[in-house]
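First up is the structure itself, then whatever we jot down about it.
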Amino acid sequence: MSIKDDMIVQFNYTLRDEKGEVIESNEGRDPIAYLHGHDNMMPGIEDAITGKEVGDKFSVTPPASDTYGERQEGAEQRVSVKHLVGAKVWKPGMAAMVETEQGQRQVTVLKVGKFMATVDVNHPLAGRELTFDIEVVGTRDASDEEIAHGHAHGAGGHHH
């Protein structure tokens, strides 16, 4: 069955940088599950998966604008150190999570003082040419509840 909107898609992936080095992978873990056609996946990945079937393995290198976004120069903010999540002691270059009005956001620490830190709000992978090796391992029609909630339920998806 070809993948189309309103289907739950399960896939495994390996993310590689410009030199082919592995950045991350879900190998050995549960597959990623998402509701196709509902903005739950990076556009470059969802577009590449559309029309594929269980068992398909492929690589795709979408433009940065369709993955982690283009890098925005000067995208710096000062935040209270107490709002940085992920370590007790902060140093420039470290990744941190910050709670925003839109949910958690990954940032990179640029400078840190006693009470305030300057962070780069670009995603650490923004602006990079990344390759995703993907294997589609499962598909099914989404339930009415999943469509109403706008996401996949169960293994690899959202748990209520």
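1 is the number of the first residue of the sequence shown in the UniProt record's numbering; add one for each residue after it.
No residue lacks a Cβ here, since even glycine has one placed at the ideal position from N, Cα and C.
Handout entry: Residue of S2, D17, V9 and I8 minimising C-alpha distance to F132
Key = Comparing Cα positions, the closest option is D17.
Practice task
Please report the Cβ distance between A33 and I8, rounded to the nearest whole angstrom; I am assuming they are in contact, meaning their Cβ atoms lie under 8 Å.
Solution key: With 8 Å as the limit, A33 and I8 qualify as a contact, their Cβ atoms being about 6 Å apart.
Problem - Where G44 falls: helix, strand or coil (DSSP) - result: It is helical.
Handout entry: Cβ contact check for the region 38-54 and the region 62-76: 3 or more pairs under 8 Å
Key = Yes, they touch.
Practice task
On a CA-only basis, which of T118, H36 and G103 is nearest G74? Give me that one, please.
Solution key: The candidate whose alpha carbon is nearest that of G74 is T118.
Problem - CA nearest to the CA of V136, picked from E53, S25, G37 and L35 - result: If we check each option's Cα against that of V136, E53 comes out closest.
Problem - Proximity below 7 Å, CB of M97 to CB of V85 - result: One thing to note: M97 has its Cβ within 7 Å of the Cβ of V85.
Exercise for the section: Check whether the Cβ of V81 lies closer than 7 Å to any Cβ atom in chain D. Expected result: In the structure shown, chain D does not exist; there is a single protein chain.
Exercise for the section: Return yes when the Cβ of L35 is within less than 7 Å of the Cβ of E145, no when it is not. Expected result: Contact flag unset, no.
Problem - Cutoff 7 Å; reference D120; Cβ partners in own chain excluding five residues on either side - result: A75, E76, V107, T108 and L110.
Problem - Among V22, D6 and Y13, nearest to D30 - alpha-carbon criterion - result: Distances from the alpha-carbon of D30 to those of V22, D6 and Y13 put Y13 closest.
Problem - Given E24 as reference, the closest of K57, H151, P92 and L130 once Cα atoms are compared - result: Between E24 and the set K57, H151, P92 and L130, the nearest pair of CA atoms involves L130.
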